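Peer 1:
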DNA sequence: AATTATCTATCACTTTGAATGATGGAAAAC
DNA sequence: GTTTTCCATCATTCAAAGTGATAGATAATT
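Chains as they are written, first to last, in my numbering: chain Z, 1 to 280; chain U, 1 to 280.
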């Protein structure tokens with residue numbers, strides 16, 4: 001059995017055939033046009049024939065392309081109906097692919113998912129944690145059905161509904177004056193690039209004239225809080241995520257001023273994903 | 001239309017079901033076992049159900065797995081029959097995916113492919129050039145149907161038939177004594193790692209007590225010869241590839257001693273690829 | 001009971017090839 | 001003639017797939 005055809009290429013082909021142009025397909029599939037060109041070329045190489053006549057205002061199917069369209073759409077339909085049959089046979093419906101920021105996953109989702117389980121014991125959910133930017137990417141490319149991200153969210157590209165209002169708090173070990181952590185707290189423990197809380201924290205520090213603060217990147221919420229409790233520096237997290245642990249470990253928590261510290265978490269989904277009606 | 005299923009996962013699933021074990025499938029698919037584990041897990045996650053009962057001496061299909069096997073093998077069959085129909089409609093048979101070293105492609109293949117075209121005007125061939133090590137990898141993983149590589153070849157893994165006997169020659173600008181290039185020729189122009197001619201050339205130089213020779217890596221045969229003609233250093237190529245150009249550019253060519261300079265080029269194919277009967 | 005053989009799971013690391021984004025040219029619309 | 005639209009090309013980036021080493025579990029062998 002040789003390598004089977006890559007279904008991504010086939011789906012791309014059908015989309016181009018539908019829209020009548022490479023750029024139209026790239027818009028529909030949320031990717032850049034050069035990507036479409038490459039995919040179609042790979043497919044043409046593999047099949048050994050030209051699928052589209054490019055030129056005047058778009059891409060028109062060749063005779064060979066028309067033949068291909070018929071067979072390929074049938075085969076893909078077949079494949080997706082098999083998938084549907086199987087996902088239904090296994091766990092009721094297809095699992096809801098949910099994404100969330102690390103902090104949301106820790107502070108908000110346990111209760112939410114427990115409730116969901118009560119109402120619909122059969123519902124299956126998969127959860128992936130990532131920073132906001134990455135989550136938006138994943139939803140945009142249909143690798144997730146929905147995700148909880150920090151606002152604001154581009155309403156043109158996504159369907160977003162407010163889910164939680166978070167207040168950011170700064171956490172550090174020991175005391176501090178009314179204005180914030182002690183000057184010697186010159187290390188900010190934060191997630192990597194793409195984390196919107198980190199961006200907010202840095203904006204706040206800059207406004208306080210503390211542009212010199214070093215950032216140490218950590219991979220998990222627990223690590224961040226643990227290191228803060230060890231006196232390595234301060235960290236900025238939503239209050240909801242801090243409640244669990246801050247006092248127990250002798251950490252001081254102080255809310256950020258509203259300008260930087262009020263952040264709304266939205267539940268976003270792709271505008272083209274219909275039928276998703278999550279009530280919270 | 002959500003992302004369609006990845007056919008690699010499906011093919012892997014069927015192979016595991018056939019062989020009854022992950023490790024058996026990994027042997028059959030020429031990859032490591034952990035890879036199979038990961039693929040099956042991805043598929044199980046996607047479908048939302050366990051496909052195999054692992055444990056005692058292998059992996060046994062679950063009830064869900066048996067259901068899946070039926071649907072998936074039908075869908076894949078369908079897909080491959082569509083592909084066959086299309087490749088036949090386009091260019092006669094599926095194109096022969098051929099690989100060759102840069103030098104072989106330049107010196108030997110033009111004639112070979114011309115002959116092929118005479119005999120079978122309909123045959124379509126795609127050619128990819130790469131160093132020997134990479135070519136063997138590509139054949140091993142079924143990304144190529146066959147490739148011309150420098151010997152010796154592991155007979156356990158590949159089906160190899162001798163194709164050409166090559167004599168390596170050293171090329172450099174200007175004169176030189178009987179034993180080799182002048183001492184000031186202390187730069188060897190060669191392909192990157194994985195090139196067997198380069199390895200042979202370096203072995204030869206080492207044996208001559210010239211371990212100090214610097215290697216400059218180049219990306220193409222033409223570049224190598226061009227740079228040699230510009231006096232940048234010497235290069236080692238098969239005589240067949242040197243004939244075309246060496247004299248025209250004032251390059252001196254001297255064969256390497258037999259111990260290092262006699263290299264047989266083999267045509268290799270995967271042992272499991274049957275029906276391929278290329279006569280040269 | 002201890003030993004060996006055979007499987008799968010896990011993990012840190014590497015590799016690869018698909019995706020991006022910027023650019024160019026060609027054809028059509030204004 | 002200018003602008004717009006569309007596809008091809010290319011260097012670069014990055015995520016996902018693959019690798020290789022190791023652990024753990026179960027069955028077979030001595």
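Note that the Cβ used here is the ideal one computed from N, Cα and C, for glycine as well. Please read these numbers as outputs of a predicted model, since none were measured by experiment.
(1) In chain order, what residues of the segment 79-91 of chain U put their CB closer than 8 Å to some CB of chain Z?
(2) Is it the case that the Cβ atoms of residue 229 of chain U and residue 256 of chain U are separated by a distance below 8 Å?
(3) Could you work out which residues of chain Z lie near residue 71 of chain U, taking near to mean beta carbons separated by less than 7 Å?
(4) Let me see if you follow: with CB-CB separation under 8 Å, is residue 126 of chain Z close to chain U or not?
(5) What ranges does the beta strand (DSSP E) occupy inside the segment 91-131 of chain U, keeping only unbroken runs of at least 3 residues that lie completely in it?
(6) Can you find a C-beta in chain U that's less than 8 Å from the C-beta of residue 45 of chain Z?
(7) Quick check on the DSSP output: the beta strand (DSSP E) that includes residue 191 of chain Z runs from which residue to which?
(8) For residue 108 of chain Z, I'd like the list of residues in its chain whose CB is within less than 7 Å of its CB, leaving aside the five on either flank, ordered along the chain.
(9) Am I right that residue 127 of chain Z and residue 100 of chain Z are in contact with their C-beta atoms under 8 Å? What's the rounded C-beta distance?
(10) With 8 Å set as the bound, which would you pick, yes or no: does the beta-carbon of residue 264 of chain U sit closer than that to a beta-carbon of chain Z?
(11) In whole angstroms, what separates the C-alpha of residue 44 of chain Z from that of residue 166 of chain Z?
(12) Is residue 237 of chain U near residue 171 of chain U, with beta carbons less than 8 Å apart?
(13) Quick one: what's got a C-beta closer than 6 Å to residue 18 of chain Z's C-beta in the same chain, skipping five residues either side?
(14) Quick one: residues in its chain with C-beta nearer than 7 Å to the C-beta of residue 203 of chain Z, no 5 flanking neighbours on either side, listed in chain order?
(15) Taking residue 38 of chain U as part of the alpha helix (DSSP H), name the residues at either end of that continuous run.
(16) Consult DSSP for residue 155 of chain Z and reduce its assignment to one of helix, strand or coil.
(17) I'd like the list of long-range same chain contacts for residue 105 of chain U, defined as Cβ closer than 7 Å, with 5 residues on each side in sequence excluded.
(18) Are the segment 186-194 of chain U and the segment 129-140 of chain U touching by the rule of at least three beta carbon pairs closer than 8 Å?
(19) Label residue 285 of chain Z either buried or exposed according to how many other C-beta atoms from any shown protein chain fall within 10 Å of its C-beta, with 16 as the threshold for buried.
(20) Please return the same chain residues whose Cβ sits closer than 8 Å to the Cβ of residue 31 of chain Z, not counting the five positions on each side in sequence.
(21) Beta-carbon of residue 13 of chain U versus every beta-carbon of chain Z: anything under 8 Å?
(22) Let me know the secondary structure DSSP gives residue 3 of chain Z once reduced to three states.
(23) Can the beta-carbon of residue 266 of chain Z be found closer than 8 Å to that of residue 162 of chain Z?
(24) Counting along the chain, where does the beta strand (DSSP E) carrying residue 145 of chain U start and finish?
(25) Can you find a CB in chain Z that lies within less than 8 Å of the CB of residue 142 of chain U?
(26) Using a Cβ-Cβ distance cut-off of 8 Å, determine whether residue 162 of chain U contacts chain Z.
(27) Measuring CA to CA, which of Z:36, Z:89, Z:269 and Z:41 is closest to residue 62 of chain U?
(28) Are the beta-carbon atoms of residue 224 of chain U and residue 189 of chain U separated by less than 8 Å?
(29) From the DSSP secondary-structure annotation, give me the bridge partner or partners of residue 70 of chain U.
(30) Looking at the unbroken alpha helix (DSSP H) that takes in residue 221 of chain Z, where does it start and where does it end?
(31) Taking the continuous alpha helix (DSSP H) assigned at residue 21 of chain U, which residues delimit it?
(32) Quick check on residue 6 of chain U - is its C-beta less than 8 Å from some C-beta in chain Z?
(33) Starting from residue 208 of chain U, trace the beta strand (DSSP E) in both directions and tell me its first and last residue.
Peer 2: Put simply:
(1) 79, 80, 82, 83, 85, 86, 87, 89, 90 and 91
(2) Here residue 229 of chain U is taken as the residue at index 229 of the second chain, counted from 1. Here residue 256 of chain U is taken as the residue at index 256 of the second chain, counted from 1. No. Outside cutoff.
(3) Indexing the second chain from 1 puts residue 71 of chain U at position 71. Residues of chain Z passing the Cβ test: 82, 85 and 86.
(4) As a first step, residue 126 of chain Z must be located in the first chain, where it is residue number 126. Yes, its Cβ sits closer than 8 Å to a Cβ of chain U.
(5) Whole beta strand (DSSP E) segments, 3+ residues: 96-100 and 125-129.
(6) Locating residue 45 of chain Z in the first chain gives position 45, where the first residue counts as 1. At least one chain U Cβ lies under 8 Å of residue 45 of chain Z.
(7) The count along the first chain starts at 1 and reaches residue 191 of chain Z at position 191. Where residue 191 of chain Z is concerned, there is no enclosing beta strand (DSSP E), given that its DSSP letter is neither H nor E.
(8) Translated into the one-based positions of the first chain, residue 108 of chain Z becomes position 108. Hits under 7 Å: 164 and 240.
(9) Against the first chain, residue 127 of chain Z aligns to sequence position 127. Against the first chain, residue 100 of chain Z aligns to sequence position 100. That pair is a contact at about 7 Å.
(10) By one-based count along the second chain, residue 264 of chain U stands at place 264. Not an interface residue.
(11) One-based indexing of the first chain puts residue 44 of chain Z at position 44. One-based indexing of the first chain puts residue 166 of chain Z at position 166. Answer to the nearest angstrom: the Cα atoms are 51 Å apart.
(12) Working through the second chain from its first residue, we reach residue 237 of chain U at position 237. Working through the second chain from its first residue, we reach residue 171 of chain U at position 171. A contact, by the Cβ cut-off of 8 Å.
(13) Stepping through the first chain from its first residue, residue 18 of chain Z is reached at position 18. There are no such residues.
(14) One-based indexing of the first chain puts residue 203 of chain Z at position 203. Hits under 7 Å: 260.
(15) One-based indexing of the second chain puts residue 38 of chain U at position 38. Start and end: 33-47.
(16) Here residue 155 of chain Z refers to the residue found at position 155 when the first chain is read from its first residue. Here residue 155 of chain Z sits in coil by DSSP.
(17) Taking the second chain and counting its residues from 1, the one referred to as residue 105 of chain U is at position 105. Around residue 105 of chain U: 127 and 129.
(18) yes
(19) Absent from the structure is residue 285 of chain Z, since the part of chain Z shown begins at 1 and ends at 280.
(20) Taking the first chain and counting its residues from 1, the one referred to as residue 31 of chain Z is at position 31. For residue 31 of chain Z, where only same-chain residues beyond five positions count, the Cβ hits under 8 Å are 141.
(21) Taking the first residue of the second chain as position 1, residue 13 of chain U is located at position 13. Against chain Z, the CB of residue 13 of chain U has no partner CB under 8 Å away; the residue lies outside that interface.
(22) The residue given as residue 3 of chain Z occupies position 3 in the first chain. In the displayed model, residue 3 of chain Z falls within coil according to three-state DSSP, outside both helix and strand.
(23) Working through the first chain from its first residue, we reach residue 266 of chain Z at position 266. Working through the first chain from its first residue, we reach residue 162 of chain Z at position 162. Cβ atoms of residue 266 of chain Z and residue 162 of chain Z: closer than 8 Å.
(24) Numbered from 1 along the second chain, position 145 holds the residue referred to as residue 145 of chain U. Premise fails: residue 145 of chain U is in no beta strand (DSSP E) and is neither H nor E.
(25) By one-based count along the second chain, residue 142 of chain U stands at place 142. Put simply, the CB of residue 142 of chain U is near chain Z, with a gap under 8 Å to one of its CB atoms.
(26) Here residue 162 of chain U refers to the residue found at position 162 when the second chain is read from its first residue. Cβ-Cβ to chain Z under 8 Å: no for residue 162 of chain U.
(27) The residue given as residue 62 of chain U occupies position 62 in the second chain. The residue among Z:36, Z:89, Z:269 and Z:41 with its C-alpha nearest the C-alpha of residue 62 of chain U is Z:89.
(28) Taking the first residue of the second chain as position 1, residue 224 of chain U is located at position 224. Taking the first residue of the second chain as position 1, residue 189 of chain U is located at position 189. Yes, they are a contact pair.
(29) Within the second chain, residue 70 of chain U is the residue found at index 70, counting from 1. Beta-bridge pairing by DSSP links residue 70 of chain U to no other residue.
(30) Within the first chain, residue 221 of chain Z is the residue found at index 221, counting from 1. 221-229 is the extent of the alpha helix (DSSP H) around residue 221 of chain Z.
(31) Here residue 21 of chain U corresponds to residue number 21 of the second chain, with the count starting at 1. That residue, residue 21 of chain U, is in no alpha helix (DSSP H); it is neither H nor E in DSSP.
(32) As a working mapping, residue 6 of chain U is identified with position 6 in the second chain. Taking Cβ atoms only, chain Z reaches closer than 8 Å to residue 6 of chain U, which makes this a yes.
(33) Taking the first residue of the second chain as 1, we reach residue 208 of chain U at position 208. Element bounds for residue 208 of chain U: n/a, residue is neither H nor E.
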